[in-house]
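*Asks:* My questions all concern the structure below.
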Amino acid sequence: SGIAADVTDEAAMAALYERAQAARGPFDIVVANAGMAGSAPAHKTALSDWQRTLDVNLTGAFLTVKPALAGMAARKTGRIVFIASTAGLKGYAYVASYVAAKHGVIGLMRALAAETVKSGVTVNAVCPGFVETEMLEESIRRIIEKTGRSAEQARSSLASTNPQGRFIQPDEIAAAVLWLCGDAAQSITGQAISISGGETW
Numbered sequence: 447s448g449i450a451a452d453v454t455d456e457a458a459m460a461a462l463y464e465r466a467q468a469a470r471g472p473f474d475i476v477v478a479n480a481g482m483a484g485s486a487p488a489h490k491t492a493l494s495d496w497q498r499t500l501d502v503n504l505t506g507a508f509l510t511v512k513p514a515l516a517g518m519a520a521r522k523t524g525r526i527v528f529i530a531s532t533a534g535l536k537g538y539a540y541v542a543s544y545v546a547a548k549h550g551v552i553g554l555m556r557a558l559a560a561e562t563v564k565s566g567v568t569v570n571a572v573c574p575g576f577v578e579t580e581m582l583e584e585s586i587r588r589i590i591e592k593t594g595r596s597a598e599q600a601r602s603s604l605a606s607t608n609p610q611g612r613f614i615q616p617d618e619i620a621a622a623v624l625w626l627c628g629d630a631a632q633s634i635t636g637q638a639i640s641i642s643g644g645e646t647w
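This note's numbering applies: residue 447 is where the sequence shown begins, and numbers increase by one.
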């Protein structure tokens, strides 16, 4: 069974860790996966929307991993993986807050990797392109609403950002995360791994 918490609430995240550790013991693996995105030209982006995007994507990522850091370092073992985005590696129009937040996640990952590099803890990020999820469907709906394109045209437009001409599947992301958490990746830390069909390097 799972335990739900608001990733933007430091007290709630600390309580989640306490409950989970009481039930199952210390954390060996943490995957920071919460995220959200909106879309608007930068000059039309409301400050509240900007702040919410940073709160969930960047501050939420920090608060997700923060409670695990000391214990992992003390035990000299642990794996932290951030789910970032190709938007953490390049810019995209009309999603300035999301791009800024995901670039921040990459910076956070690299900072934590530098802090933990001698402790046996690894810290990495995976950076997917467009993934076949509800967030993708929301993007398609926004394109339809704002441009009048058909659903098929909107899907094709987004798929074309991937040189392989397709959407990434969730299982592909899960497989990369699983590998980063295994023994074969114990020398991999501080890396932002693009999963995008060659869109970013």
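Each residue gets a CB set at the ideal place from its N, CA and C atoms; glycine is no exception.
Going by C-alpha to C-alpha distance, which of Asp501, Glu578 and Asp474 sits closest to valine 567?
*Replies:* Out of Asp501, Glu578 and Asp474, Asp474 has the C-alpha closest to the C-alpha of valine 567.
*Asks:* Give me the Cβ distance between glutamate 578 and proline 616, rounded to the nearest whole Å; I'm assuming they're in contact under 8 Å.
*Replies:* Glutamate 578 to proline 616, Cβ: 7 Å. Contact.
*Asks:* Jot down the residue ranges of each uninterrupted alpha helix (DSSP H) in the segment 493-527, minimum 4 residues, whole runs only, in chain order.
*Replies:* Taking only runs of at least 4 residues, the alpha helix (DSSP H) segments lying wholly in the segment 493-527 are 493-500 and 506-521.
*Asks:* Under the DSSP definition of a beta bridge, which residues are partnered with proline 574?
*Replies:* In the DSSP output, where bridge partners are listed per residue, proline 574 has Ile641.
*Asks:* Would threonine 593 be called buried (16 or more neighbouring beta carbons within 10 Å of its own) or exposed?
*Replies:* Counting Cβ neighbours within 10 Å, threonine 593 comes out exposed, since fewer than 16 surround it.
*Asks:* The alpha helix (DSSP H) spanning alanine 547 covers which residue range?
*Replies:* Per DSSP, alanine 547 belongs to the alpha helix (DSSP H) from 542-562.
*Asks:* Report the CB separation of glycine 575 from glutamate 464 in whole angstroms; it is logged as a contact under 8 Å.
*Replies:* Glycine 575 to glutamate 464, Cβ: 36 Å. No contact.
*Asks:* Kindly indicate which residue of Lys512, Val551 and Arg612 has the alpha-carbon position closest to the one of glutamate 461.
*Replies:* Here residue 461 is alanine; the residue named in the question, glutamate, does not match the sequence. Comparing Cα-Cα distances from alanine 461 to each of Lys512, Val551 and Arg612, the minimum goes to Lys512.
*Asks:* Going by C-alpha distance, which of Ala600, Ile619, Ala530 and Ile586 is nearest alanine 638?
*Replies:* The shortest Cα separation from alanine 638 among Ala600, Ile619, Ala530 and Ile586 belongs to Ala530.
*Asks:* Whose C-beta lies closer than 7 Å to the C-beta of lysine 536 among residues of the same chain, with five residues either side of it excluded?
*Replies:* Only Thr646 meet the Cβ criterion.
*Asks:* Buried or exposed for arginine 470, please, with buried defined as at least 16 other CB atoms from any protein chain shown within 10 angstroms of its CB.
*Replies:* Exposed, because fewer than 16 other Cβ atoms sit within 10 Å of the Cβ of arginine 470.
*Asks:* Where DSSP assigns a beta bridge to isoleucine 475, which residues make up the other side?
*Replies:* Isoleucine 475 is bridged to Arg525.
*Asks:* Can you tell me whether DSSP reads threonine 568 as helix, strand or coil?
*Replies:* In the structure shown, threonine 568 sits in a strand (DSSP, three-state: E or B).
*Asks:* What number of angstroms, rounded off, separates the C-alpha of glycine 524 from the C-alpha of methionine 518?
*Replies:* When rounded, the distance between both Cα atoms is 5 Å.
*Asks:* Whole angstroms are fine: how far does the CA of leucine 582 sit from the CA of alanine 600?
*Replies:* Looking at the two C-alpha atoms, the distance is approximately 10 Å.
*Asks:* What does DSSP give as the partner residues of isoleucine 586 in its beta bridges?
*Replies:* Bridge partners of isoleucine 586: none, in fact.
*Asks:* Is it true that the CB of alanine 571 sits closer than 8 Å to the CB of valine 541?
*Replies:* Contact flag unset, no.
*Asks:* Once DSSP output is grouped into helix, strand and coil, what is the label at isoleucine 634?
*Replies:* Coil, per DSSP.
*Asks:* Between valine 527 and leucine 604, is the Cβ-Cβ spacing less than 8 Å?
*Replies:* Cβ atoms of valine 527 and leucine 604: not closer than 8 Å.
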